[in-house]
Amino acid sequence: MKKQLIGIFGVAALATSSFAAEVTIIDELDGTAAGTSLTTAGLSRTSDGWHKTSGSAWALGTGNTWMYNTSLAGGGTSDGAMAQVIDLNSLGLTDQNELQFDMTYSAWTASGTGATDTNVYVHLWGLVDNTATDEGEIANLGAQNGNMWVNAVDNGYTAYNLGTGSQFTSNNQADAASAAIQLLNLNTSNSSLIEDAGVASVAFDLSGYALDTLAQYDYLVVGIARDVATDGKGFAMHDIKVTAVPEPSTYALIGGLLALSWVMVRRRQA
123 MKKQLIGIFG VAALATSSFA AEVTIIDELD GTAAGTSLTT AGLSRTSDGW
173 HKTSGSAWAL GTGNTWMYNT SLAGGGTSDG AMAQVIDLNS LGLTDQNELQ
223 FDMTYSAWTA SGTGATDTNV YVHLWGLVDN TATDEGEIAN LGAQNGNMWV
273 NAVDNGYTAY NLGTGSQFTS NNQADAASAA IQLLNLNTSN SSLIEDAGVA
323 SVAFDLSGYA LDTLAQYDYL VVGIARDVAT DGKGFAMHDI KVTAVPEPST
373 YALIGGLLAL SWVMVRRRQA
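Numbering-wise, my numbering comes out as the position in the sequence shown, counting from 1, plus 122.
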């Protein structure tokens, strides 16, 4: 029995150490300014933090602990996307095949009547680096109406929509309708305060995609774009977290092995 216990505990320990772990890719804002920046420049593979185009109305709020856009230009560059690119090769990813996106946000009457609700589009792309250069632009952040053109396909990358797993073959395929997350008709309250905020929480299962784990992509692109009318709502992001998660069966197997170990210990003690 002693040898059996050692064997079971050994298998359980091996499982917990060798299976894929949850990896945090982005974890920003949430009451802190640590790690958050917003730069007016093009987005390339060497870009650090959030980027926006010239003329964009995206800005950091008080204390740099939240981000907002209150432009009501309607179809203007001011509503274009802000985005960041993350080098996945530096994160030690293995078999994580689920992408978890969480965001706390507000959509409120910024000025005027605020009669028309705001639409917000979250673009999530996986990029494979073929012949890209440091200068090669990844996204057109000046695109309007919720679009974020995927310039990466013309600059040495193979680009995939992580909302569907489909490959982009031309840059204008990354329109609002193809965004991985579409938050439509937002109207959380008449306040931009976090206590009046809403929550978006979406998990993407990559297991059926052509590239079915996050480790198979070189870069992750996260972009947030607005489509707002001249009497629409302001938008604020208070918290954002993006996580690479292993498949649920991994946790189930580990849990089963540990439970079996506990049962054997109880029997040994009886």
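For every residue, glycine included, the Cβ atom is placed at its ideal position computed from N, Cα and C.
Note that the structure is predicted; figures quoted are calculated from it, not measured.
If you compare the alpha carbons of Thr-162, Leu-284, Phe-223 with that of Gly-330, the shortest gap goes to Leu-284. A Cβ-Cβ separation of about 5 Å places Gln-222 in contact with Ala-325 under the 8 Å criterion.
Around the beta carbon of Pro-368, a 10 Å sphere encloses 16 or more other beta carbons of the protein chains shown; the residue is thus reported as buried. Under the DSSP assignment, Leu-315 falls outside any beta strand (DSSP E); it carries neither an H nor an E label.
Glu-257: not part of any beta strand (DSSP E); DSSP gives it neither H nor E. As DSSP reads the structure, Gln-222 sits in a beta bridge with Ala-325, Thr-365.
For Gly-320, the closest of Tyr-339, Tyr-190, Val-350, His-360 by C-alpha to C-alpha distance is His-360. Around Ala-274, the same chain offers Leu-249, Ile-260, Ala-281 as residues with beta carbons nearer than 6 Å, after the five sequence neighbours per side are excluded. The stretch 268-302 contains no complete alpha helix (DSSP H) run of 4 or more residues.
Under the three-state reduction of DSSP, Asp-201 is assigned to helix. When the Cα atoms are used, Gly-196 and Ala-143 turn out to be separated by approximately 43 Å. Taking C-beta atoms as the reference points, Leu-263 and Met-204 count as a pair closer than 8 Å. With a threshold of 16 other beta carbon atoms within 10 Å, Gly-356 meets it and is buried. Membership of Lys-355 in any beta strand (DSSP E) is not indicated, and neither H nor E is assigned to it by DSSP.
Put simply, the backbone Cα of Arg-348 is about 20 Å away from that of Asp-318.
Pairing Asn-269 with Asp-297 gives a Cβ-Cβ distance under 8 Å. Annotation for Gly-248: the continuous beta strand (DSSP E) segment containing it runs 240-251.
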